[in-house]
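Those letters in the sequence shown? Residues -16 to -1, 1 to 327, by mature numbering (1 follows the signal peptide of the UniProt record, and there is no 0).
Cβ atoms here follow ideal geometry from the backbone N, Cα and C, with glycine treated the same way.
Beneath this line is the structure, given in structure tokens, with notes to follow.
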Amino acid sequence: MKVVVLGAGIVGLTSALRIVEDCGTAELDLTVMADKFSPNTTSDVAAGIWCPPRRKMTQREMQWLKWSHEYLTVLLKTPYAHEIGVFLQSGWIAWMHTDFQDPDWKDLVQGYRHPTKWELTHLFPEYKDGFFCTTFMLESRLFLPWVTNRLRNKAVKFVERKVQSLDELSLDYDVIINCTGVGAHDLVGDTKVFPARGQVIRVKAPWVKHWMLLEGKHPYVPGIPYVVGGSTATLIGGIRQERRWDLRNDPRDTKTIWNGVTTAFPALKDAKVIEERTGLRPMREEIRLERQEKTDPVSGRTVQVIHNYGHGANGITWSHGCAKEVALMVKQLLQEKTIKSRL
């Protein structure tokens, strides 16, 4: 069975990895196709915190989160965890208002608690609540190349190509896994998908040992500042501009980020800038993870499409859990093919 995964960010590559590891390669001919590969994907811009959105979760979403957390736990205990960018880090989310509610997933992270009075007074003045926890970090700039090499070793092919329509692939593949993120807006005409532009600055600040995210409009801190310590650099942000498609670094946003972060965290004022990056978060009201049957308009040939996109600002958080469900769908398709061949 010929399968193509469209997209080579964290969602696409983890989907490909789960397919070959859960379904094997004996009956599969797998290709990863994308117009951009690491280090030029949106995932390469991401901070890498395993931190789901703070809203009511469905049973299916909780299962995805549990699968993701379990997989990262396995990776953390490998001797090469440091090489692939998996580690634990503690940090805070500070909330401007008093209506903060504990998220459904709080028991998946370690040491979840509300900020102490001292923390709110001295670290996050003007903020009213939030939480502290220890959670996973996954640095895509290290993880994506590792997954790519692992897939190559399993005979997975890689093709650099921009696909304008799924019809282009319907004669060559039996299954199309659509992990195109915000690109699904044009590729499959999904108007529910839209970008939330983000811009970040990587700095040299080895003294940063925690992540800190400030949420809510602050009286004198511009933007939505966050600081995330990494293995070799610290990431600072942040900008969230919905429906803006521009991928160029904007000096005005650079100024907003720098002023916001250094106002909230003055110790970063002398940090050396390494680089700036911009990416488009694939926002959608809900993740689209479903199987669809598509018929080629010319040949009449039927191809199976599995959509897996719309993970918003939490692609790293959702990716492994969603990838596992994708692999289950592919396994079901293999079983259906086997049954048909016996008829």
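Using the Cβ count rule (16 or more neighbours within 10 Å means buried), how would you classify G182?
The residue in question, G182, is buried, as its Cβ has 16 or more Cβ neighbours within 10 Å.
Give every residue of the same chain whose Cβ lies closer than 6 Å to the Cβ of F21, excluding the five residues on either side of it in the sequence, and list them in chain order.
Excluding residues within five positions, the ones whose Cβ falls inside 6 Å are A(-9).
Measure the C-alpha to C-alpha separation of D156 and D13 and round it to an integer number of angstroms.
Rounded to the nearest angstrom, the two C-alpha atoms are 11 Å apart.
Quick one: residues in its chain with C-beta nearer than 7 Å to the C-beta of W302, no 5 flanking neighbours on either side, listed in chain order?
For W302, where only same-chain residues beyond five positions count, the Cβ hits under 7 Å are W48, S52, I271 and H295.
Helix, strand or coil, according to DSSP, for R265 in the structure here?
R265 falls in the strand class under three-state DSSP.
Using 8 Å for Cβ pairs, my map puts K201 next to M80. What's the rounded Cβ distance?
Sure, about 7 Å apart at Cβ, within 8 Å.
Output yes or no for whether 8 Å exceeds the beta carbon distance between L128 and V147.
The answer is no: Cβ separation not under 8 Å.
Under 8 Å by Cβ, that's how I've got Y64 and N162 pegged, so tell me the actual separation to the nearest angstrom.
At roughly 31 Å, the Cβ-Cβ gap does not stay under 8 Å, so Y64 and N162 are not in contact.
Can you tell me whether I68 is helix, strand or coil according to DSSP?
Coil at I68, not helix or strand.
Figure out for me which residue from L312, M196 and G222 has the closest Cα to the Cα of C7.
Answer by Cα proximity: L312.
By DSSP, does K201 sit in helix, in strand, or in coil?
K201 falls in the coil class under three-state DSSP.
Taking the alpha-carbon of A297 as reference, which of K256, L318, T286 and Q225 has the nearest alpha-carbon?
Closest by alpha carbon: Q225.
Taking Cβ to Cβ, would you say L126 is nearer than 8 Å to I68?
Yes, the Cβ-Cβ distance between L126 and I68 is below 8 Å.
G214 lies in the beta strand (DSSP E); which residues open and close that run?
Looking at the DSSP string, G214 is not in any beta strand (DSSP E), and its letter there is neither H nor E.
Could you compute how far the alpha carbon of T132 sits from the alpha carbon of F142?
Looking at the two C-alpha atoms, the distance is approximately 9 Å.
For A10, is the classification buried or exposed, using 16 other Cβ atoms within 10 angstroms of its Cβ as the cut-off for buried?
Looking at its Cβ environment, which holds fewer than 16 other Cβ atoms inside 10 Å, A10 is exposed.
From the DSSP output, which residues share a beta bridge with Y157?
Paired residues: none, contrary to the question.
Taking the runs of the alpha helix (DSSP H) that are 4 residues or longer, which of them lie wholly in the segment 104 to 190?
Complete alpha helix (DSSP H) runs here, min 4: 124 to 137 and 168 to 171.
Counting Cβ pairs closer than 8 Å, one from the segment 275 to 292 and one from the segment 29 to 38, do we hit at least three?
These segments do not touch.
Do A307 and T(-3) have their C-beta atoms closer together than 8 Å?
The answer is yes: Cβ separation under 8 Å.
May I have the straight-line CA-CA distance separating M196 from K256, to the nearest angstrom?
Taking the straight line from one Cα to the other gives about 19 Å.
Nearest CA to the CA of D83: which residue from K239, Y96, F115 and P109?
Of the listed residues, the one whose Cα sits closest to D83 is F115.
Taking the alpha carbon of E277 as the point to measure from, which residue in P266, L264, H291 and R265 has its own alpha carbon closest?
Closest option to E277, Cα to Cα, is H291.
With a 10 Å radius around its C-beta and 16 neighbouring C-beta atoms as the bar for buried, classify S149 as buried or exposed.
Classification of S149: exposed, given that the 10 Å Cβ count is below 16.
Please name the residue in E123, W102 and H98 whose C-alpha comes closest to that of D113.
Out of E123, W102 and H98, H98 has the C-alpha closest to the C-alpha of D113.
Taking C-beta to C-beta, are T118 and C35 nearer than 8 Å?
No.
Measure the C-alpha to C-alpha separation of F249 and V212 and round it to an integer number of angstroms.
Their backbone Cα atoms lie some 12 Å apart in a straight line.
Under three-state DSSP, which class holds D86?
Residue state, collapsed to three classes: coil.
Please work out which residues of its chain come closer than 6 Å, Cβ to Cβ, to G222, disregarding the five sequence neighbours upstream and downstream, and give them in chain order.
Within the same chain, G222 has close Cβ partners I208 and Y210.
D28 by DSSP, collapsed to three states: which one?
Looking at D28 - three-state DSSP - the assignment turns out to be helix.
Are P179 and L107 close, meaning C-beta to C-beta below 8 Å?
For P179 and L107, no; Cβs fall outside 8 Å.
Compare the beta carbon distance of L177 and P37 with 8 Å and say whether it is the shorter of the two.
It is Val, not Leu, that sits at residue 177 in the sequence shown. No.
Cα separation between V245 and T100?
Each residue's alpha carbon lies about 22 Å from the other.
With a 10 Å radius around its C-beta and 16 neighbouring C-beta atoms as the bar for buried, classify T322 as buried or exposed.
With fewer than 16 other Cβ atoms within 10 Å, it is exposed.
Threshold first: 3 residues or longer. Then list the beta strand (DSSP E) segments lying entirely within the segment 259 to 314, N to C.
Whole beta strand (DSSP E) segments, 3+ residues: 272 to 279 and 286 to 293.
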